[in-house]
Amino acid sequence: MELTLYREEPILREARHLPAGIYNQTRLLLARAMESGAAPCVFVPIRSMQYLAIIDQEEIVFVDREYPGMVQMAWQDFHRQERNALDERVQFEVAFYTRTSLEILPRLQGDLPKALQLMVDKDRIEHTAAVLPFPAHGNECNK
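Per my numbering, the very first residue in the sequence shown carries number 1267; after that it's consecutive.
#1: For F1358 and R1282, what's the separation of their Cα atoms in angstroms?
#2: So I1321 packs on L1378, CB below 8 angstroms; how close in whole Å?
#3: Any idea what DSSP makes of V1337, helix, strand or coil?
#4: For V1386, report the span of its alpha helix (DSSP H) as first-last.
#5: Please specify which runs of the alpha helix (DSSP H), each continuous and at least 4 residues long, are wholly inside the stretch 1298-1333, giving them in chain order.
#6: Could you tell me whether the Cβ atoms of L1278 and L1374 are closer together than 8 angstroms?
#7: Relative to the C-alpha of F1362, which residue among V1356, I1370 and R1355 is closest?
#8: Using the three-state DSSP reduction, which class does L1294 fall into: helix, strand or coil?
#9: Cα separation between D1353 and A1286?
Here it is as structure tokens:
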């Protein structure tokens, strides 16, 4: 799938923190996409809002169904290297490109995790567990 997106200069930038679980899910989905040979991005539909989140290595952009070629908001500049553990939140910067995006951030923060979880569950790789036999060797330590 190919999309051409446009964006103006941001009308506002803010520093925020993303909970570890959400950030980790975005990285998991991205890693799975790249592992399967797909393009290095993931499209996450946020059906409750009629938005599309597009995740790549550098940022997450949000596009409204009403204006499909225009980026409404972008989450950028993730400071993942500053965390000491995988369960710590990640600082990032929100770039707001429209007045509407200023109003929808709280709702996006609530609906994106649900959409990510649906994608993670849908793409879960199921494997059967197996115990591998190892050839028995004589107790050579006592010889």
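A virtual CB, placed ideally from N, CA and C, is assigned to each residue, including glycine.
Here's the rundown:
#1: The residue labelled residue 1358 in the question sits at position 92 within the sequence shown. The residue labelled residue 1282 in the question sits at position 16 within the sequence shown. Taking the straight line from one Cα to the other gives about 5 angstroms.
#2: Translated into the one-based positions of the sequence shown, residue 1321 becomes position 55. Translated into the one-based positions of the sequence shown, residue 1378 becomes position 112. Not quite, the Cβ-Cβ distance comes to about 10 angstroms (not below 8 angstroms), so this is no contact.
#3: Taking the sequence shown and counting its residues from 1, one reaches residue 1337 at position 71. Strand, per DSSP.
#4: The count along the sequence shown starts at 1 and reaches residue 1386 at position 120. Counting along the chain, the alpha helix (DSSP H) containing V1386 begins and ends at R1365 to K1388.
#5: DSSP runs (the alpha helix (DSSP H)) wholly in the stretch 1298-1333: none.
#6: Here residue 1278 is taken as the residue at index 12 of the sequence shown, counted from 1. Here residue 1374 is taken as the residue at index 108 of the sequence shown, counted from 1. Taking 8 angstroms as the Cβ cut-off, L1278 and L1374 do not qualify as a contacting pair.
#7: As a first step, residue 1362 must be located in the sequence shown, where it is residue number 96. For the residues V1356, I1370 and R1355, the minimum Cα distance to F1362 belongs to I1370.
#8: Translated into the one-based positions of the sequence shown, residue 1294 becomes position 28. In this structure, DSSP gives L1294 a helical state, which the three-state scheme calls helix.
#9: As a working mapping, residue 1353 is identified with position 87 in the sequence shown. As a working mapping, residue 1286 is identified with position 20 in the sequence shown. About 5 angstroms.
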